[in-house]
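A short write-up of the structure that comes next.
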Amino acid sequence: MRWAQLVLVENDPGTFDPDFWLSYFRKIHADAACLSAGGIVAYYPTEVLLHHRSDWLGDSDPFGYLVQGCRDMGMSVIARTDPHAAWDNMAKAHPDYMAVTREGEMRPHWANPEMWVTCALGPYNFDFMTGVHREIVEKYGIDGIFSNRWAGHDICYCSHCQSNFEEFSGLALPQDSERSNPVYRKYTDWRIKRLRELWLLWDATIRQVKSTSRFILMGFPTVWSPVPIRISFSLTIRQGVDLFHPGQMVKEPKN
Ligand SMILES: [Zn+2]
2 MRWAQLVLVE NDPGTFDPDF WLSYFRKIHA DAACLSAGGI VAYYPTEVLL HHRSDWLGDS
62 DPFGYLVQGC RDMGMSVIAR TDPHAAWDNM AKAHPDYMAV TREGEMRPHW ANPEMWVTCA
122 LGPYNFDFMT GVHREIVEKY GIDGIFSNRW AGHDICYCSH CQSNFEEFSG LALPQDSERS
182 NPVYRKYTDW RIKRLRELWL LWDATIRQVK STSRFILMGF PTVWSPVPIR ISFSLTIRQG
242 VDLFHPGQMV KEPKN
């Protein structure tokens with residue numbers, strides 16, 4: 002199977018030529034494509050509140066145009082989302098969606114001063130992005146959703162992470178990420194549990210809309226464990242994407 006991935010940037014709508022790319026997919030005999038859809042920037046006319054439409058979108062729907070073009074060629078389509086950052090209006094409306102540093106400040110984006118890093122383990126992903134993923138499958142009936150940078154960056158000290166970790170462990174969040182720190186190891190256990198819940202939530206949400214559609218993540222974070230853990234998944238497009246669930250993680254034998 003030959004895959005193509007087309008990642009858009011915010012000012013592509015109206016300036017890039019989707020027919021060039023569809024023609025390219027045809028030329029290389031691509032069987033499937035992963036196409037930018039939403040998250041930081043929506044490349045379709047989203048109706049999810051505060052889901053930022055590209056400022057260049059106007060009345061266009063470049064994602065939908067590409068999906069239809071791929072469908073016309075018999076290709077499978079995976080929508081790409083990126084939930085790791087959000088714009089200032091989102092931060093003002095929902096400050097608790099944003100990642101917080103150990104000093105108690107919202108975490109600014111490392112590359113784009115207009116954006117903030119989101120909390121991966123709280124309601125931004127569990128509520129807001131779940132709505133985005135549902136909308137994309139409802140509108141376009143795509144075969145799956147792939148999320149980039151979905152698992153968070155560094156320890157987040159937001160109010161949700163503080164209270165959820167305390168509920169899990171009875172402890173305050175660790176002050177460092179030293180693996181020798183037992184609180185950090187506990188935190189890692191909690192984070193993995195939380196991310197597994199998120200993975201299953203997004204996958205179940207997508208399947209509710211289209212039973213053969215699946216959620217595909219950008220890797221699962223390395224688990225701190227004396228025994229390395231391997232995660233496997235396989236893709237069977239056409240029959241749908243068959244995803245090995247986190248519950249099927251396999252512990253590799255000790256050497
Ligand atoms: Zn958080």
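The working numbering numbers the first residue of the sequence shown as 2 and each following residue consecutively. We treat Cβ as the ideally placed atom computed from N, Cα and C, and that holds for glycine.
Rounded straight-line distance, which links the Cα of residue j to that of residue i
i                 : j              : result
glycine 220       : isoleucine 207 : 19 Å
arginine 27       : aspartate 18   : 15 Å
proline 183       : isoleucine 156 : 15 Å
phenylalanine 64  : glutamate 48   : 15 Å
alanine 29        : glycine 70     : Note on identity: in this sequence residue 29 is isoleucine, with alanine being the wrong assignment. Their Cα atoms are separated by approximately 15 Å.
methionine 257    : alanine 34     : Given a span of 2 to 256 for the chain in the structure shown, any question on residue 257 remains unanswerable.
isoleucine 1      : aspartate 62   : Given a span of 2 to 256 for the chain in the structure shown, any question on residue 1 remains unanswerable.
threonine 119     : glutamate 139  : 25 Å
leucine 174       : isoleucine 193 : 15 Å
arginine 3        : glutamate 104  : 47 Å
methionine 116    : methionine 107 : 11 Å
serine 214        : isoleucine 143 : 7 Å
serine 24         : alanine 38     : 20 Å
glutamine 176     : valine 101     : 13 Å
alanine 94        : cysteine 159   : 15 Å
aspartate 190     : arginine 180   : 12 Å
leucine 172       : arginine 72    : 51 Å
alanine 112       : aspartate 89   : 14 Å
phenylalanine 129 : methionine 74  : 33 Å
tyrosine 275      : proline 96     : This structure does not reach residue 275, given that the chain is present from 2 up to 256, and the question cannot be answered.
Which of helix, strand or coil DSSP assigns to residue i
i                 : result
alanine 99        : What sits at residue 99 in the sequence shown is methionine, not alanine. Strand at methionine 99.
proline 114       : coil
phenylalanine 17  : coil
valine 68         : helix
valine 228        : In this prediction, valine 228 scores a pLDDT of 38, lower than 50, which makes its location untrustworthy; the coordinate-derived value is nonetheless stated afterwards. Valine 228: coil per DSSP, three-state reduction.
serine 233        : Below a pLDDT of 50, predicted positions are generally treated as unreliable, and serine 233, at 36, falls in that range; no measurement from the model is reported.
glycine 123       : coil
threonine 82      : strand
phenylalanine 216 : strand
serine 77         : strand
proline 63        : helix
leucine 7         : strand
serine 24         : helix
methionine 2      : coil
Nonlocal neighbours in the same chain, by C-beta distance under 6 Å from residue i, ignoring five residues either side
i            : result
alanine 121  : Ala152 and Gly153
tyrosine 141 : Val68
alanine 205  : none
Rounded distance between the beta-carbons of residue j and residue i, thought under 8 Å
i              : j            : result
leucine 67     : leucine 36   : 5 Å
valine 210     : arginine 135 : 6 Å
asparagine 149 : aspartate 83 : 4 Å
Own chain, CB closer than 8 Å to residue i, minus 5 neighbours either side, in chain order
i            : result
leucine 7    : Trp22, Ala34, Cys35, Leu36, Ser37 and Leu67
glutamate 11 : Val42, Ser55, Asp56 and Trp57
Own chain residues within Cβ distance below 7 Å of residue i, not counting five before or after
i                 : result
histidine 52      : Gly39, Ala43 and Val133
phenylalanine 169 : Trp191
4 or more residues per run - each alpha helix (DSSP H) lying fully within the stretch 130-188:
Taking only runs of at least 4 residues, the alpha helix (DSSP H) segments lying wholly in the stretch 130-188 are 131-141 and 160-170.
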